[in-house]
Amino acid sequence: MRRRDFVAMLGGVAAALPVVARAQQSEPARRIGLLMNRAADSSDGQARLAAIRQRLQQLGWREGQNLLMEIRWGAEDPDLERKGAAELVALAPDVVLAGGSLGLVAMLGATRTIPVVFAGMADPVGLGVVASLAHPGGNATGFLAFEYSFTGKLLEVLKEIAPGVTRAAVLRDPLSPQGIANFAVIQSTAASMGVQVSPVDMRDPGEIERAVAALARSAGGGLVVTPSGLTMMHSGVILKLAAQYKLPAVYGYRDLVVGGGLISYGPDWLDQYRRAAEYVDRILRGEKPGDLPVQAPTKYELAVNLKTAKTLGLTVPDSILVRADEVIE
Numbered sequence: 045m046r047r048r049d050f051v052a053m054l055g056g057v058a059a060a061l062p063v064v065a066r067a068q069q070s071e072p073a074r075r076i077g078l079l080m081n082r083a084a085d086s087s088d089g090q091a092r093l094a095a096i097r098q099r100l101q102q103l104g105w106r107e108g109q110n111l112l113m114e115i116r117w118g119a120e121d122p123d124l125e126r127k128g129a130a131e132l133v134a135l136a137p138d139v140v141l142a143g144g145s146l147g148l149v150a151m152l153g154a155t156r157t158i159p160v161v162f163a164g165m166a167d168p169v170g171l172g173v174v175a176s177l178a179h180p181g182g183n184a185t186g187f188l189a190f191e192y193s194f195t196g197k198l199l200e201v202l203k204e205i206a207p208g209v210t211r212a213a214v215l216r217d218p219l220s221p222q223g224i225a226n227f228a229v230i231q232s233t234a235a236s237m238g239v240q241v242s243p244v245d246m247r248d249p250g251e252i253e254r255a256v257a258a259l260a261r262s263a264g265g266g267l268v269v270t271p272s273g274l275t276m277m278h279s280g281v282i283l284k285l286a287a288q289y290k291l292p293a294v295y296g297y298r299d300l301v302v303g304g305g306l307i308s309y310g311p312d313w314l315d316q317y318r319r320a321a322e323y324v325d326r327i328l329r330g331e332k333p334g335d336l337p338v339q340a341p342t343k344y345e346l347a348v349n350l351k352t353a354k355t356l357g358l359t360v361p362d363s364i365l366v367r368a369d370e371v372i373e
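With the numbering used here applied, the sequence shown covers 45 to 373.
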C-alpha cells in the first residue's frame, strides 16, 4: 500500500470514530428500580439482589453502562415500602422489580403506568393486582410466592421430623387472603395426620406470646409458621418463643432456620428473583407486563438445623436428610 493511501485510510478511520462514539452515546442506559422487601443489611436481601444482578448480566445488561439500577429497601415495613415506591416513581424508571406483597401494593399505589415485575406475591388476583394469572393486563406481572396447596406440606414436614406433635398452632396473617387460605389448606390435611390445628393471628408480639404459651402448657405441641410479611416482622419473637418452650416448628422461610429454627420448606427465593430478572429483561426489550403470565414457583427447598433438633431431643430421620437442600450443623 502506498504511503499516501495509508494516510488517507487512517484519516477516514479517524473521521468515522466520532460518528461511532456519537451513535453509542445516542443510546442512553435503561433505568430500573428495585424495591426490595428486606433490610439493606439483610444477608438474604443481599443474596436476592446478587441473583438479580447476575441474571441481568447474563442477559447482556451491564450496570453503569447500558443499565442504571436504583435500589430501595422496604424491610417489610409499610411506611418504608411506600417511601421507597414514591422515590422510585420520581426517578421515572423503565421498569420496577418489587419484592413481596407490601412492595407491590406500594408500587401500584404510586403508579399505574410504569411496568412492575413482582416476586413473592401471594394472591395477586385476590388483591386485584392482576385480572388473571394467564392474562394479567395492566402494568404488573411476576411470580407467585407459592401455590396454596404447598402449605399442606408444612404440616407434613413437621409431623415427619417430630412425630409426637398432636396439636399445632398455625401462625398466620389474619388480614390477608393468603393467611385465611393457608390455614384452610392445613386444616384440611390435619385430621389425616392425627393433628389438631388452631389459628394464631400475628397482629402483634403479645398476641403471639399468649397463644404459644397456652400451647406449651401441655405435651404434643408444635408450630406451623406460614410465610407472610408479618412472619418476617415478628421472626425474632417467634424464634425466641419456639426455643423458650422447646416447641418443634416448621417455617415457610429458610431464613428462620439459619436463625435457629428447626426446619423449613418453601420456594427457592433466589430462583424466583432470577426469573423476575428475566421478565425485567423482556420488558426492557419491548414486551408489555400485561401480556406476560403470572407464574408459580418451580423450585422448592428444604432446610434443617441439626443443632436445634438436638436441643429439642429430636432425631432427624434419614428421609429428611436425603431430601434436604441445606443441613445446618
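A virtual CB, placed ideally from N, CA and C, is assigned to each residue, including glycine.
- If you draw a straight line from the Cα of M80 to the Cα of I230, it is about 29 Å long.
- Relative to D315, the option among E370, P207, G164 and G208 whose CA is nearest is G164.
- Judged by DSSP in its simplified three-state form, N110 adopts coil rather than helix or strand.
- The residue among L199, A119 and R75 with its C-alpha nearest the C-alpha of Q109 is R75.
- When C-alpha distances from T342 are compared across V174, G104 and W313, the shortest belongs to W313.
- DSSP places Y344 inside the beta strand (DSSP E), whose first and last residues are Y344 to N349.
- Sequence-distant Cβ neighbours of Q240 in its own chain, meaning closer than 8 Å and more than five residues away, are T210, R211, A212 and A234.
- With fewer than 16 other beta carbons inside 10 angstroms of its own, Q101 counts as exposed.
- The shortest CA-to-CA distance from P72 to any of A368, V244 and P137 is the one to P137.
- Straight across, the Cα-Cα distance linking A368 with V214 is about 23 Å.
- The beta carbon of G182 sits closer than 6 Å to those of G334, all from its chain and outside the five residues before and after it, given in chain order.
- Short of 8 Å from the beta carbon of R318, and not among the five residues preceding or following it, lie these beta carbons of its own chain, in chain order: A95, I96, Q98 and R99.
- DSSP, read as helix, strand or coil, puts Y295 in strand.
- A straight-line Cα-Cα distance of about 34 Å links P207 and A91.
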